[in-house]
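Written out below as structure tokens is the structure these notes cover.
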Amino acid sequence: MTDVPEASPTGKRRSSPPENHLSKVLSDGGSSEAVPDAKRLRRDAGQKPWMEPLSSAEECELTRFLSTEYQPSPGSPRRVIHFCEIGTSNYNTISHAVFPLADGSFSSCSTGNYHYYKKWHRWMREPAENIYGLAVDVIPWVLQELPQHSNLNLANVAMVGVPRGRDVHEASPAEEDRRGEQPGSLPTGKTEKAPQCSATDHEASYVVALEKYSKPATVYFVPKDKIVELEKSWRTGCACSLHQRAKCWTCYHTGQLATACASVNQRPSYFYGRLQRLGIVDAESSKTVPAVSYTQLLAVYNVQRPELLQLDCEGLDFDIMRSVRRHCLTYGPEARPKQIVFEGTSGRRYVEEATELIRQFLQLGYVLEFDPFYDGDDEVEDEEKTGVRNISLILDGLTVSQ
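The numbering used here numbers the first residue of the sequence shown as 486 and each following residue consecutively.
See below:
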């Protein structure tokens with residue numbers, strides 16, 4: 486894959502991390518050789534609770550995790566894929582960054598994703614034919630608007646995780662059945678290069694897996710026809726129905742957010758509050774859908790791990806991260822993605838929960854790529870949370886791709 490021409494990423498807005506050595510070097514156009522590797526990032530960690538060096542007890546947990554012998558159980562998934570994006574969109578995604586559109590071009594909206602991720606993942610520079618990915622979303626038409634490629638599997642299913650306070654080792658009956666009630670691990674795998682199963686074979690196995698593993702969940706979403714109506718003014722220049730304004734950015738941005746803000750078993754307060762302020766709460770719909778865990782999702786596709794895991798699950802990122810941790814504890818070090826990116830937010834309770842998760846993943850051998858929070862984020866009242874914060878965990882020892 487050739488470098489995508491520089492362009493300003495558009496679409497789904499995410500917060501930028503506070504300036505740090507890593508982001509400053511890249512923004513100044515510095516060489517990637519100047520960017521610290523994971524070990525340097527670990528040494529340079531500050532004294533904030535989420536960035537403090539491992540304690541003796543935490544070091545012991547990490548040593549125990551890395552030294553335990555994990556015996557593979559029958560039927561364990563063995564494939565390694567390049568990326569898994571849980572909670573995708575029709576713009577600004579990893580899929581857009583690595584797979585071409587129908588006309589052979591690459592979407593300019595994901596230029597930022599491409600240049601950010603390629604520093605850690607050499608495969609991002611490979612031709613699309615050599616990249617294998619999995620995109621997951623609960624809304625089918627969102628998946629249909631992604632770049633279509635034989636190496637990109639699309640999973641139209643809801644994801645659920647482990648609620649805070651629940652024993653992370655507690656497996657569902659379906660997972661115990663799949664593992665034959667024998668905890669095990671996955672042998673070291675190679676990134677999948679062979680053609681994947683046919684669409685027909687995949688559809689059959691996918692349906693069977695859903696019947697075996699899934700449980701019902703409620704998804705809250707804005708139907709596509711209402712999103713089209715919200716975006717119409719900006720796209721065509723006509724007056725919007727809400728404000729009677731031509732080229733109405735407010736309505737357009739609401740439509741863009743609606744595309745990416747479908748949520749499972751809860752409503753994201755930011756987006757639902759926006760609907761309330763605009764007086765269009767009735768634009769939201771809900772329906773019952775099948776839902777699976779992280780382990781169950783990977784089992785459907787016979788995947789050991791993705792190299793890059795990105796979550797954007799509108800309030801469920803923490804639950805799913807606990808599910809990812811359970812997967813790693815069950816299957817051992819070889820089940821760890823090389824990088825995990827998920828969403829946090831400001832607010833005392835949210836920063837506290839994110840810190841808890843970060844510390845748990847440090848005990849699996851990860852380090853923080855950068856300080857995800859701004860000064861004072863952990864002092865903001867929960868109901869006054871100010872914005873989304875991206876949290877990036879890098880597997881210790883991973884070095885910047887030259």
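Beta carbons: idealized from backbone N, C-alpha and C, even for Gly.
Residue i and residue j look like a contact to me (Cβ under 8 angstroms); what is the Cβ gap, rounded to whole Å?
i      : j      : result
ALA731 : SER718 : 7 angstroms
ILE566 : PRO822 : Going by Cβ atoms, the distance from ILE566 to PRO822 rounds to 10 angstroms, so no, they are not a contact pair.
PRO562 : LEU880 : Contact flag wrong, Cβ pair sits at about 19 angstroms.
VAL647 : SER808 : 5 angstroms
GLY618 : SER580 : 6 angstroms
TYR835 : LEU878 : Rounded, the Cβ-Cβ distance is 17 angstroms, inconsistent with contact.
ALA776 : LYS700 : 6 angstroms
VAL707 : LYS772 : Rounded, the Cβ-Cβ distance is 12 angstroms, inconsistent with contact.
ALA643 : VAL774 : 5 angstroms
LEU794 : ILE843 : Contact doesn't hold; Cβ gap of about 15 angstroms is too wide.
SER831 : GLY800 : Rounded, the Cβ-Cβ distance is 14 angstroms, inconsistent with contact.
ASN598 : ASN615 : About 18 angstroms; that fails the 8 angstroms criterion.
ARG810 : LEU849 : 7 angstroms
GLN789 : ALA820 : 6 angstroms
ALA724 : VAL645 : About 42 angstroms; that fails the 8 angstroms criterion.
ARG833 : ASP860 : The pair is not a contact, with the Cβ atoms about 14 angstroms apart (cut-off 8 angstroms).
Starting from residue i and walking both ways along the beta strand (DSSP E), at which residues does that stretch end?
i      : result
LYS700 : 700–706
VAL713 : It is not in any beta strand (DSSP E) - VAL713 instead sits in the alpha helix (DSSP H) that spans 709–721.
ARG790 : 788–796
ILE566 : 564–571
LEU628 : Premise fails: LEU628 lies in the alpha helix (DSSP H), 625–629, not in any beta strand (DSSP E).
ALA582 : Taken as a continuous stretch (DSSP letters only), ALA582 belongs to no beta strand (DSSP E), being part of the alpha helix (DSSP H) at 579–583.
ALA640 : 637–641
Determine the extent of the alpha helix (DSSP H) in which residue i is found, giving its start and end residues.
i      : result
ASP804 : 802–816
GLN781 : 779–785
CYS545 : 541–552
GLY758 : 754–763
VAL865 : No alpha helix (DSSP H) contains VAL865, which DSSP labels as neither H nor E.
Which partner residues of residue i appear in the DSSP bridge assignment?
i      : result
ASN598 : ASN598 pairs with nothing; no bridge assigned.
GLY829 : ARG874
ALA731 : ALA724
ILE616 : Paired residues: none, contrary to the question.
ILE879 : GLN824, VAL852
MET536 : MET536 pairs with nothing; no bridge assigned.
ALA776 : ALA643, LYS700
SER748 : TYR705
VAL836 : Answer by DSSP bridge pairing: none, since VAL836 is not bridged.
SER771 : TYR705
VAL621 : ILE571, ALA640
Which residue from the options puts its Cα closest to that of residue i?
i      : options                        : result
SER574 : ARG833, GLY817, ASP797         : ASP797
ALA768 : ARG834, ASP804, SER877, LEU727 : LEU727
GLU837 : GLY850, LEU849, VAL865, ARG810 : VAL865
GLN888 : LEU631, SER552, THR739         : The requested residue 888 is not part of the displayed model; the chain covers only 486 to 887.
GLN633 : PHE591, PHE827, VAL707         : PHE591
GLU828 : VAL788, GLU570, THR744, SER778 : GLU570
VAL885 : THR578, LEU547, HIS600         : HIS600
GLU716 : TRP734, ASP622, GLY597         : TRP734
TYR555 : PHE846, ASP862, PRO818, LEU883 : PRO818
TRP626 : GLY572, SER595, LEU883         : GLY572
ASN787 : ASN638, GLY764, ARG549         : ASN638
TYR779 : LEU883, GLU841, PHE803         : PHE803
LEU551 : LEU814, GLY861, ARG874         : LEU814
ILE876 : THR553, ILE765, ALA839, TYR816 : ALA839
ASN636 : ALA613, THR548, GLN629, CYS736 : ALA613
LYS711 : ARG649, TYR737, LEU883         : TYR737
LEU547 : GLN845, ASP862, ASP860         : GLN845
ILE805 : THR596, VAL766, GLN781         : GLN781
ARG564 : VAL785, ARG833, GLY882, ILE765 : VAL785
THR553 : LEU883, TYR816, GLU841, ARG874 : TYR816
**the region 533–545 touching the region 850–859, judged by at least three CB pairs closer than 8 angstroms** = Note that the region 533–545 touches the region 850–859; at least 3 beta-carbon pairs, one per stretch, sit closer than 8 angstroms.
With a threshold of 8 angstroms, are at least 3 pairs of Cβ atoms found where one atom belongs to the region 605–623 and the other to the region 535–555? no
* Would the region 750–761 and the region 576–596 be scored as touching if the rule is three or more Cβ pairs under 8 angstroms? -> no
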